[in-house]
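>
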Amino acid sequence: ESTPYPTPDPSLESTPTVEPTSGSDTNWITPALQAEFLAYDCANPDNDPANAPTDEPLITCDASGTVKYILGPVELDGSSIVDATSGLEQTSGRWVVNLQFNESGTETFGQISQRLFGATPPLDQFAFVLDGYVLTAPSMNAQILDGRPSISGSFTQESAKVLADQLKYGALPLSFVVVSSDTISATLGSQQLQIGLIAGLIGLALVAIYSLIVYRALGFVIIASLVVMAVLTYVMLLILGWRMGFRLSLAGVAGLIVSIGFTADSFIVYFERIRDELRDGKSITGAVEDGWSRAKRTIYISKSINILAAVVLYILADATVKGFAFTLGLTTAIDVLIFIIFTHPVMQLLARTRFFSSGHPLSGLDPDALGAVYRGRAQFRAPVVAPKTAAEKRASRSKGEAARRQTIAERKLAESRTSGSSQTTEGEDTP
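Under the numbering used here, think of the first position of the sequence shown as -10, with each following residue one higher.
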């Protein structure tokens, strides 16, 4: 037999003797309100709090009808919530609900958190109410001033998702049809993320080794460009995470790994264009400039296609693939920027150094070691080797000018000496 609820005394005072200063001020609780709270029956269908005024205290229950609350007036409505998502907390592995408020909601919630944090229970609780019933009433464990609180508790994956949807959409309790479900370890995501990062480092190391083998000293330019790109990408991800709440997922890591290959392809196009110009007999500085003029068109077109594919994939693909498309598009844009402000200027500086301008065999730009040039239709020609240094050019010109200044007698004397030495050599060779 259930215990009967007491009937409130109508003579009790219902007006606060002291003007309340906030929604959590205990001056809202008058003797009449306290008596009404004791008499309140959560199971009574007549007690419908859905249409209760928002500027007055509210007596209500949770959705299960097992816990009663006295709530102060509404301080923050559902329109202040921009987003609500569920996920695993990285430190504890528990399911939590993450909220994001708009600008005014961030300011209001920050003031509420400062007031409730450190208060004695239950005065430290903040209730989220839907249709008059309490969805959850967590305790305030910190001062939250960035508008991004998280609700933790004994959530399951399903209950956290339901609460997040209720807070986000502010509608009646939602129900979903489960198409499929899998049970995974709470640490699986972090493990896979770590494995993905290791795979990316391995791919980066392989690209560096290949660059040093094929392009020799030019490989260090590739490595330096990749390092600058990695640092700039990391900074951009930090800024996006701070300002927009971006989180790097496994799909995002895959996009970063794929971008290494796309970037290496751009280096190959650029350096091969420079080598083609060297085969045509141009100087190192001229080959760098002309090679860049020819390569940048190809690079711009290929990067434009990559960005277009990333945009289409981001718009049309499932949410799990959006991270891949986003990081792919971001790194492609950074790749083009690095080529313009770092790689090409570095090559211009290196082309003026003695090591590269002289075509040192270890520079990767030795015209003698570049091989034949394909002319089309199965035809090849030998590379045209230009004088490597200005001194050699001057010596070559001086030699030609000296030959042109000889008199006819001097030329005949030189020819006779040459023919005489040739006959002597032939006579010595004859048995």
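All residues carry an ideal CB built from backbone N, CA and C; glycine is no exception. Values in this document were obtained by computation on a predicted structure and should not be read as measured data.
1) Determine the closest residue to G54 out of F98, I211, C31, N40, with distance taken between C-alpha atoms.
2) Among A21, G280, A276, which one has its Cα closest to the Cα of S255?
3) Leaving out five residues before and five after M336 in sequence, what residues of the same chain have Cβ atoms less than 6 Å from its Cβ?
4) For T15 and V86, what's the separation of their Cα atoms in angstroms?
5) What would DSSP say about L297, mapped onto helix, strand or coil?
6) Give the DSSP-derived three-state secondary structure of S141 in the structure shown.
7) Determine contact between the stretch 228 to 239 and the stretch 321 to 331, defined as no fewer than three beta-carbon pairs at a distance below 8 Å.
8) Mind checking whether Y199 and F260 have CB atoms under 8 Å apart?
9) In terms of residues, what are the limits of the beta strand (DSSP E) holding T(-4)?
10) If you scan the stretch 79 to 125 from start to end, which runs of the alpha helix (DSSP H) of 4 or more residues do you find wholly inside it?
11) So L60 and P42 are in contact, right, with Cβ under 8 Å, and what is the actual spacing, rounded?
12) Going by beta carbon distance, what residues of the same chain come within less than 7 Å of I18, once the five residues before and after it are set aside?
13) Do you know how far the Cα of L65 is from the Cα of Y122?
14) What do you reckon, are the CB atoms on F115 and I101 nearer than 8 Å?
15) Label Q155 either buried or exposed according to how many other C-beta atoms from any shown protein chain fall within 10 Å of its C-beta, with 16 as the threshold for buried.
16) Cβ atoms of R137 and L88: under 8 Å apart, would you say?
17) Smallest Cα separation from K157: which of T49, Q146, L119?
18) If you follow the alpha helix (DSSP H) that V224 is in, where does it begin and where does it stop?
19) What are the start and end residues of the beta strand (DSSP E) that includes Y58?
20) Determine the DSSP secondary structure at G482, reduced to helix, strand or coil.
21) Use the C-beta contact count for S214: other C-beta atoms within 10 angstroms, 16 or more gives buried, fewer gives exposed.
22) Residue range of the beta strand (DSSP E) that A73 falls in?
23) Pull up the distance between the alpha-carbon of D265 and that of V258, whole angstroms please.
24) Taking 7 Å as the cut-off, is the CB of W17 close to at least one heavy atom of the ligand ATP?
25) Could you check whether S75 and A423 sit closer than 8 Å to each other, using their CB atoms as the reference points?
26) Is the distance from the Cβ of D324 to the Cβ of M218 below 8 Å?
So, from the listed chains and residues:
1) Measuring from the Cα of G54, the nearest candidate turns out to be C31.
2) Selected option, being the one with the closest Cα: G280.
3) Taken in chain order, the residues that qualify are V277.
4) Distance between the alpha carbons of T15 and V86: 29 Å.
5) The answer is helix: DSSP assigns L297 an H, G or I state.
6) Look at S141 here: in three-state DSSP terms it is strand.
7) Contact between the stretch 228 to 239 and the stretch 321 to 331 is absent, because fewer than three Cβ pairs lie under 8 Å.
8) A distance of 8 Å or more separates the beta carbons of Y199 and F260.
9) Unbroken run through T(-4): none, as it is neither H nor E.
10) List check, alpha helix (DSSP H) in window: 92 to 105.
11) The beta-carbon separation of L60 and P42, rounded to 12 Å, does not stay under the 8 Å limit for a contact.
12) Sequence-distant Cβ neighbours of I18 in its own chain, meaning closer than 7 Å and more than five residues away, are I59.
13) Approximately 15 Å between the Cα atoms of the pair.
14) Yes, the pair counts as a contact, with Cβ atoms nearer than the cut-off.
15) With 16 or more Cβ atoms within 10 Å of its Cβ, Q155 is classed as buried.
16) Against a cut-off of 8 Å, the Cβ pair of R137 and L88 comes out as a contact.
17) Among T49, Q146, L119, the Cα nearest to that of K157 belongs to L119.
18) Residue range 207 to 233 is occupied by the alpha helix (DSSP H) that includes V224.
19) First-last of the beta strand (DSSP E) with Y58: 57 to 60.
20) Outside the modelled stretch of the chain, which goes from -10 to 420, sits residue 482, for which no answer is possible.
21) With 16 or more Cβ atoms within 10 Å of its Cβ, S214 is classed as buried.
22) Where A73 is concerned, the enclosing beta strand (DSSP E) stretches over 70 to 77.
23) Just so you know, the alpha carbons of D265 and V258 end up roughly 11 Å apart.
24) This structure lacks the ligand ATP, and indeed carries no ligand of any kind.
25) The structure shown has nothing for residue 423, since the chain only spans -10 to 420.
26) Yes; because the gap between Cβ atoms is below 8 Å, this pair is in contact.
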